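Numbering (this note's numbering), first residue to last: 40 to 284.
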Ligand code: ATP
């Protein structure tokens, strides 16, 4: 098998004295959609935050284990370098957009660390506005006045404007009405068809397992099941605990 794009191995992570991940291991191959599912507090967000190495005070601290990108350890790498050099971007839960800036300004800000040229940046603006026509219509609107769904689109749009080729999404369906949620997932599928690698965490396990290629189930900081999504959906334990029987 070729080297995975992302390989997390035996990761132990703490918040202060409390251990939140107890030896998590998983891989994401280039062009794959992988999902991590699990109950509230299982450790899904902590896993994504550990990979993107967000700065303190939010940061969980890696105690042992490794995070490799294309076979090379990225432990200790600066979070901005992870975005600009590895093209790996996190869309966090809660979105983290700048409410007092317009849609356009938020998108522009996301391009700051790009090393490619204006032609590529313009191509990505076009792509974002084509994928999310609502953002195009609301370019000049202050982001705090966008609806929840529109803010979610902007959060994904910002990741795309950072030049990402690998997007990690923390609960993109959160707060979205069903129609918008399906729209969002369709858009993410389109991005994957264009070559985007996706790591998705979701509480809506039914949705996540239908969307992704492979999945991992996290329970209290440990992986308890893994496999292709169609197999996980048929696993009696997974069905009982996460798919409503
Ligand atoms: P949810 O679906 O509810 O977002 P999750 O699977 O993403 O849950 P995490 O947010 O990763 O779970 O939380 C894992 C564990 O780490 C939980 O016990 C949580 O209380 C703890 N935790 C998370 N963030 C912090 C923090 N900043 N300080 C201390 N403990 C934290």
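Heads up, the beta-carbon is just placed ideally off N, CA and C, and yes, glycines get one too.
Note that the coordinates shown come from a computational prediction; the quantities given were computed from them, not determined experimentally.
Rounded to whole angstroms, what is the Cα-Cα separation between residue i and residue j?
| i | j | result |
| --- | --- | --- |
| residue 212 | residue 127 | 20 Å |
| residue 71 | residue 57 | 32 Å |
| residue 110 | residue 180 | 42 Å |
| residue 60 | residue 120 | 24 Å |
| residue 52 | residue 265 | 20 Å |
| residue 187 | residue 68 | 31 Å |
| residue 249 | residue 66 | 19 Å |
| residue 41 | residue 139 | 45 Å |
| residue 178 | residue 141 | 7 Å |
| residue 258 | residue 215 | 25 Å |
| residue 185 | residue 191 | 9 Å |
| residue 62 | residue 283 | 27 Å |
| residue 218 | residue 225 | 11 Å |
Can you tell me which of the options puts its alpha carbon nearest to the alpha carbon of residue i?
| i | options | result |
| --- | --- | --- |
| residue 176 | 202, 203, 143, 187 | 143 |
| residue 80 | 172, 108, 183, 256 | 256 |
| residue 45 | 89, 76, 77 | 89 |
The alpha helix (DSSP H) spanning residue i covers which residue range?
| i | result |
| --- | --- |
| residue 153 | Looking at the DSSP string, residue 153 is not in any alpha helix (DSSP H), and its letter there is neither H nor E. |
| residue 276 | 275-281 |
| residue 211 | Note, residue 211: premise wrong, no alpha helix (DSSP H); not H, not E. |
| residue 173 | 172-176 |
Compute the minimum distance between the beta carbon of residue i and the heavy atoms of the ligand ATP, and state whether it is under 7 Å.
| i | result |
| --- | --- |
| residue 81 | yes |
| residue 132 | yes |
| residue 191 | no |
| residue 77 | yes |
| residue 103 | no |
Let me check you understand the geometry: is the CB of residue i closer than 7 Å to at least one non-hydrogen atom of the ligand SAH?
| i | result |
| --- | --- |
| residue 57 | This structure lacks the ligand SAH; its bound ligands are the ligand ATP. |
Buried or exposed for residue i, please, with buried defined as at least 16 other CB atoms from any protein chain shown within 10 angstroms of its CB.
| i | result |
| --- | --- |
| residue 151 | exposed |
| residue 260 | buried |
| residue 83 | buried |
| residue 253 | buried |
| residue 197 | buried |
| residue 43 | buried |
| residue 164 | buried |
If you follow the beta strand (DSSP E) that residue i is in, where does it begin and where does it stop?
| i | result |
| --- | --- |
| residue 48 | 45-54 |
| residue 100 | 100-108 |
| residue 267 | 261-267 |
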